[in-house]
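Here the structure comes first, spelled out in structure tokens, and everything after it is commentary.
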Amino acid sequence: MTLQAELRVERAGFTLDLDLAIEPGEVVALLGPNGAGKTTALRALAGLLASTSRIRHNGSTWDGLPAEKRPIGVVFQDYLLFAHMSALDNVAFGLRARGTRKAEANAVALRWLDQIGLADFAHARPRRLSGGQAQRVALARALATSPELLLLDEPLAALDASTRLRVRSELGRHLQDYPGHTLLVTHDPLDAMVLADRLVILEHGRVVQQGSPRDVVRQPRTDYVAHLVGLNFYRGVARGTEVLLDDGGTLSIAEPADGPVHVVFPPSAVSLYPAKPAGSPRNTWQAVVSGIEQHAHTTRVDLDGSPSVLADITTATVAELRLQPGDALWVSLKATEIHTYPR
Amino acid sequence: MTLQAELRVERAGFTLDLDLAIEPGEVVALLGPNGAGKTTALRALAGLLASTSRIRHNGSTWDGLPAEKRPIGVVFQDYLLFAHMSALDNVAFGLRARGTRKAEANAVALRWLDQIGLADFAHARPRRLSGGQAQRVALARALATSPELLLLDEPLAALDASTRLRVRSELGRHLQDYPGHTLLVTHDPLDAMVLADRLVILEHGRVVQQGSPRDVVRQPRTDYVAHLVGLNFYRGVARGTEVLLDDGGTLSIAEPADGPVHVVFPPSAVSLYPAKPAGSPRNTWQAVVSGIEQHAHTTRVDLDGSPSVLADITTATVAELRLQPGDALWVSLKATEIHTYPR
Amino acid sequence: GSPAATSTGGDITVFAAASLTESFTKLGTAFEAAHPGSKVRFSFAGSSALAQQINQGAPADVFAAAAPANMKQVTDTGAVTATPATFARNTLQIAVPRGNPGRVTGLADFAKADLKIALCAEQVPCGAAAKKVFEAAGVKAAPDTLEQDVKAVLTKVSLGEVDAALVYRTDVKAAGGKVEGEDFAEAANAVNDYPVAPLAKAPNAPTAKAFVDFVLSGRGREVLIEAGFSAP
Amino acid sequence: MRSRLPVVLVLPAVIGLVFLLVPLAGLLINAPWATLPAQLFSQEVGQALRLSLICASLATVVCLVLGVPLAWLLARSDLPGRGVLRALVTVPLVLPPVVGGVALLLVLGRRGVVGQYLDQWFGISLPFTTAGVVLAEAFVAMPFLVISVEGALRAADPRYEEAAATLGASRWLTFRRVTLPGVMPGVIAGTVLCWARALGEFGATITFAGNFPGRTTTMPLAVYLALETDPDAAIVLSIVLLLVSVAVLAGLRDKWISGPS
Amino acid sequence: MRSRLPVVLVLPAVIGLVFLLVPLAGLLINAPWATLPAQLFSQEVGQALRLSLICASLATVVCLVLGVPLAWLLARSDLPGRGVLRALVTVPLVLPPVVGGVALLLVLGRRGVVGQYLDQWFGISLPFTTAGVVLAEAFVAMPFLVISVEGALRAADPRYEEAAATLGASRWLTFRRVTLPGVMPGVIAGTVLCWARALGEFGATITFAGNFPGRTTTMPLAVYLALETDPDAAIVLSIVLLLVSVAVLAGLRDKWISGPS
Ligand SMILES: Nc1ncnc2c1ncn2[C@@H]1O[C@H](COP(=O)(O)OP(=O)(O)OP(=O)(O)O)[C@@H](O)[C@H]1O
Ligand SMILES: Nc1ncnc2c1ncn2[C@@H]1O[C@H](COP(=O)(O)OP(=O)(O)OP(=O)(O)O)[C@@H](O)[C@H]1O
Ligand SMILES: [Mg+2]
Ligand SMILES: [Mg+2]
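First to last, the protein sequences are chains C, U, H, Y and X. Note that my numbering has the first sequence beginning at 1, numbered continuously upward. Note that my numbering has the second sequence beginning at 1, numbered continuously upward. Note that my numbering has the third sequence beginning at 1, numbered continuously upward. Note that my numbering has the fourth sequence beginning at 1, numbered continuously upward. Note that my numbering has the fifth sequence beginning at 1, numbered continuously upward.
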């Protein structure tokens, strides 16, 4: 019952080579930087791309099956709502195409519109919808046919923060009940974390890491993933409780290790002092402020040093330290906050 | 030198009524739910919309000026790159339109492409670019003409997490040096917070709140804003150190207040216990788990009760409590974590 | 500039009915030979179109029409002031496809409903003539189509689309072996005259006059008779 | 909110308009208006006008039914030799209509390649019938529709068709419900061209279908015959034809012409 | 990756193709091939063919220069009475070409409303000249271009023009660099229609420009004259015209026809 896909797409200057297995009921999130091949993978699965991919499902193969014969639902990155149909007709389209009678298809479509909070817009043309409204209609359109494989290309990207929360948890609920296979392409680590059972990280058309959200969050394997989950990330070589970082600098760690390791710690584990601090933290070094960003409840400070580091500190501390780019500070970090794992 | 705009747009079922003043060098972020009228406001400023708006800048009025006579740069929500031109020609277009010679325009455009990391794609058609690459080219195209008013309609929405960080701080740097007026439409509170000097929150075509990012974060005035900044938010009436919440429940607060107030506290201030806790927190009440979401470093729990509340707890706690939707728990909250301010 | 208005001395422009294409081209060559230094330019088109053009000031010297009615269109407006002269006559023939599949033997067969019959429309000369001969013969013709010109009729006969048609003998002759022509007695009741005249504002009046004379001369008559016309 | 229309565009546009319209004005000025009412209400003119409108409309329907799929095939399939096919489709445009009529006779006439069997087996004879008129007009007018619609299809974004396919829509359903509504402006432009061309068709019609009042005499045929004897009457007839066609086309509401988007 | 082509679309498409192509096959079968080479290389035919190609191409240029702006005006401006204007533009399509020729004579002839002044003041006389042929062909063919391009413009997304405006592009620059390349497929379709129609133009040409070998006798006129004397030769001439036009149109590479996107 597993959906087994070996996706192979060749393009000038780009090769996608992605083996993907999705269990029934499982939600796999495909993450990766722009141009990594996420949309390409999704199109190959949907049958919208001539490729040498091989897809097996339920003992049968999808190879050579045209898109309309595949039991799929797709939400496209730029909606692709049919401009000449009302929102209702857009949502009902898939059901009508699969032979549902008009009255019934419309009833189901209306329920879907209601569910996404757009019942009032049932008879509006897509042109009259705002970006986010259009995205929600596209979502409803793909879900209305209860497909076996649901393909979502950044389904929440255009939603505003509060709608996003709501639609995300709705989507999460639907995906939980949903017996089919889901592939979710997204940029947003939070969407992926909340919605997916497994993350697959794609870079340059190849998988660089996969695993449960928790594993990926705890043990990122590339700069991109570390960025994604908001951790300071280094490569180094451990000798007991010392790690010699590849890009310069040494860190003391609590649990001894040996050999090449990845080193991570959260920006919130970093403390900043105007002068060299005395006391317990074994890791202290000097660094220069290169950037300051005000976040909602903290301030993120970018520091150049050996190693360079991101620190999240309270806004009060920023005021107290009168932080300015160019300031030299002391960085301090408890060894217990540092997590290492083999490369 | 302030840009003064009174934006008035009438549509069937929608009215925009927005007074906006942007100082030179100031970045104003326009936030609001889908359909609030953000894009409409931006189009009225750009002169792309017949409206009764009045815009004054530098002692002259823009009323009746067509878009091409306004010193503006716009990044559209869905890019609108010219499909038949290379990325380079797209970026050079505005300079060429303003009379720059071809060689020079191309040189400037190439510098811009380099800056956004797409120099290799200078001769690629937009169709060959991924979503995020296209968005970055659109950004470069708008910035290349050094406009006096920069209008950005969700310029970072399609960028992946790590590119987003990079482009955001680049954009931030550019906006800081940039002597003109900037209006940034976005859904992302973080983008707004990082990039903007002032937030203007729009709902149903009207301003519901505005102020510096810090003020807005600390004292949200609507559910939408509270959601945006991730706070629990209630309306109530204070009598001394007690607040009677409009939707049910009572909270004890540390600093006495009187009359109608807003009440906020962060989800991280909430603790959960399997049994009624003894000890200092004066606010404890029973609630039922209605949803659980795994975030990167914490777990967010949605609780129904009086009042309903969001709690961020560590993943360890979740495992320890064996949380399941439907579980009844005790919620506890320190009075000192609660912030109130007059309605 | 206008074509024949200049002083090349012998240049003239002749507007002639399309049915005269072959014979007038020959006449033109003969005229040039007989009048060294002269050059005859033709514009062949439908007589009525030519009449329109002349009335709109076309720079022509001579007009040779396929019917007096067309000539009248230009005399009425004063574009032609000289009296037009009849230079040729044409009579009708029964035209049938090769092998005569409809076994048409005379005008009476034109009343048979099961035969496909083509005639010219009454508005054009051959149609008007056909009407006259049917009236004279007391035959009530049952045409399937009323064509706008003789060539269209002839096309249908040669392709076997119709079993019989009335056309001019010159047209039968021009069609070569593709259609067979049959004379009939009543044809004498409707003889079509071809008029020719120099134009009042002919850019090259002397040569125009000479060309008209040449057409009316014995030499001209010879060429026209060769094409199937009869002498006026 | 947009700026003044640029002279460099408006000037040629106005010259173009004048170029197209002044000759018509010339016709109107020179028309013998006195005879217009008599002509308008004469039985023959009425008959010819009715026949013209019916035949042109039927021919347009034939063209739509056959031509839109053909345009789609040319635009969307990957047949080999499409370029040549596309060029061949334009041939009836270049062919002098009279020769087109001859070609139709050669194929569909009584002795024609196909026509002889139609006649022998089914007793169907197309020349000299109203059906023949429709056929001749369709033959001449179809390329206009095909080329216009194909152009529109090529300009349309094929990803909407992909979206429809992922929703389970067959190519046919996609074509009907997504592709076609999406290119409606192009289809309507093509239909207008096609109808107008069919309405004005003369050469192929008279050659293939002949000229018999009430059966095959359409307005253009009546105009030609009138030209032979009474050019003024011909002008009046033409004006009648023009007025009717302008009325019909202007009657198609703007909304219709701009498509249902 | 896409499914089989649906019969319900392919069947009418093939019928349409057959309907357009079989008559041509009929012509080819019945053509007296023996005389073809002689015709092909005769001086008059060469002359007529050259004149046809030159005039049709010049007429197409005239139509592009005047017609594309006109289409833009109809599609993008908010002139009052656009519906009527659009209908009026199609008038030369409906007008029997001979009447069109008469109308041109009435306006531009030596006695015409405008022509008399052209003649008196500038000594310019258009009828019976090669320029007259170009004019007559342009008059008849322009509506095809205008209607096709207008359809394409209406189908195009106007927001790209807005984007250009915000970048400081005037309407003219926007038109040249954004609008026009965006609707290239439609413009090319219209150009093909226009050129083909001009190439086959007969009625208006012979009426307005007369029939002077080497000056105004284009191929269709030669065909007409050949019909008078030697119908077989007429068919051969038509085939020559067809071959040349198919060669030219098929020669436009697919890439060109599908536009530069
Ligand atoms: N139609 C196309 N032709 C050629 N190359 C393409 C095409 N579409 C995308 N590419 C290239 O293929 C690669 C993968 O693109 P893809 O759209 O799959 O990226 P993505 O991961 O979806 O990015 P984004 O997050 O920006 O949407 C990119 O390098 C892109 O430039
Ligand atoms: N062209 C239009 N015609 C009619 N109504 C429109 C049109 N465009 C938008 N609207 C309506 O105007 C309102 C404001 O739309 P707008 O696009 O400005 O919202 P927005 O704040 O940009 O939303 P989003 O964040 O989803 O992009 C919405 O109610 C929308 O339905
Ligand atoms: Mg993508
Ligand atoms: Mg918007």
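Every residue, glycine too, gets a C-beta built ideally from N, C-alpha and C.
State the CB to CB distance for the pair residue i and residue j, rounded to an integer number of angstroms; the pair is presumed to be in contact (CB under 8 Å).
| i | j | result |
| --- | --- | --- |
| Leu-65 (chain C) | Leu-183 (chain C) | So it is not a contact: roughly 17 Å between Cβ atoms. |
| Leu-303 (chain C) | Leu-323 (chain C) | The Cβ separation is near 10 Å, so there is no contact. |
| Phe-139 (chain Y) | Pro-92 (chain Y) | 6 Å |
| Val-270 (chain C) | Gly-326 (chain C) | Actually they are not in contact, since the Cβ atoms of Val-270 (chain C) and Gly-326 (chain C) sit about 19 Å apart, beyond 8 Å. |
| Thr-216 (chain Y) | Phe-128 (chain Y) | 6 Å |
| Gly-45 (chain U) | Leu-16 (chain U) | The sequence shown places Leu at residue 45 (chain U), not Gly. Contact doesn't hold; Cβ gap of about 11 Å is too wide. |
| Asp-191 (chain C) | Arg-173 (chain C) | With 8 Å as the limit, Asp-191 (chain C) and Arg-173 (chain C) do not qualify as a contact, their Cβ atoms being about 14 Å apart. |
Would you decide whether residue i is buried or exposed? Buried here means 16 or more other CB atoms lie within 10 Å of its CB.
| i | result |
| --- | --- |
| Val-7 (chain X) | exposed |
| Lys-255 (chain X) | Low local confidence applies: a pLDDT of 46 at Lys-255 (chain X) is under 50, so the model's placement there is unreliable, and no value is given. |
| Asp-160 (chain C) | buried |
| Ala-250 (chain X) | buried |
| Ile-29 (chain Y) | exposed |
| Ala-56 (chain Y) | buried |
| Met-193 (chain C) | buried |
| Leu-18 (chain C) | buried |
| Asp-78 (chain Y) | exposed |
| Ile-54 (chain H) | buried |
| Leu-333 (chain C) | buried |
| Asp-188 (chain U) | buried |
| Gln-133 (chain U) | buried |
Are residue i and residue j touching if we call contact CB-CB under 8 Å?
| i | j | result |
| --- | --- | --- |
| Val-107 (chain Y) | Val-22 (chain X) | yes |
| Ala-13 (chain Y) | Pro-69 (chain X) | yes |
| Val-200 (chain C) | Leu-152 (chain C) | no |
| Gly-73 (chain C) | Ala-142 (chain C) | yes |
| Asp-331 (chain U) | Trp-285 (chain U) | The question names Asp, yet the displayed sequence has Val at residue 331 (chain U). Closer than 8 Å, so yes. |
| Leu-87 (chain H) | Gly-220 (chain H) | Note on identity: in this sequence residue 87 (chain H) is Phe, with Leu being the wrong assignment. In this structure, Gly-220 (chain H) lies closer than 8 Å to Phe-87 (chain H) by Cβ. |
| Glu-137 (chain Y) | Ala-196 (chain Y) | no |
| Leu-88 (chain U) | Ala-109 (chain U) | yes |
| Gly-203 (chain X) | Gly-100 (chain X) | yes |
| Ala-122 (chain C) | Leu-113 (chain C) | yes |
| Leu-167 (chain Y) | Gly-94 (chain C) | yes |
| Gly-115 (chain X) | Ala-209 (chain X) | no |
| Gln-4 (chain U) | Thr-39 (chain U) | no |
| Gln-123 (chain H) | Glu-228 (chain Y) | yes |
| Arg-111 (chain X) | Gly-106 (chain H) | no |
| Leu-104 (chain X) | Leu-135 (chain X) | yes |
Pairing CB atoms from the stretch 334–343 of chain U with CB atoms from the stretch 287–298 of chain U, are three or more of them under 8 Å?
no
For the pair the stretch 44–61 of chain U and the stretch 223–232 of chain U, tell me if three or more CB-CB distances fall below 8 Å.
no
Hey, is the stretch 168–187 of chain C in contact with the stretch 10–26 of chain C, meaning 3+ C-beta pairs nearer than 8 Å?
yes
Do the stretch 148–157 of chain Y and the stretch 144–155 of chain X make contact, defined as three or more Cβ pairs closer than 8 Å?
yes
State whether the stretch 63–75 of chain H contacts the stretch 40–49 of chain H, with contact taken as three or more CB pairs (one from each stretch) at a distance under 8 Å.
yes
Touching by the beta-carbon criterion (3+ pairs, under 8 Å), the stretch 203–220 of chain C and the stretch 260–274 of chain C
yes
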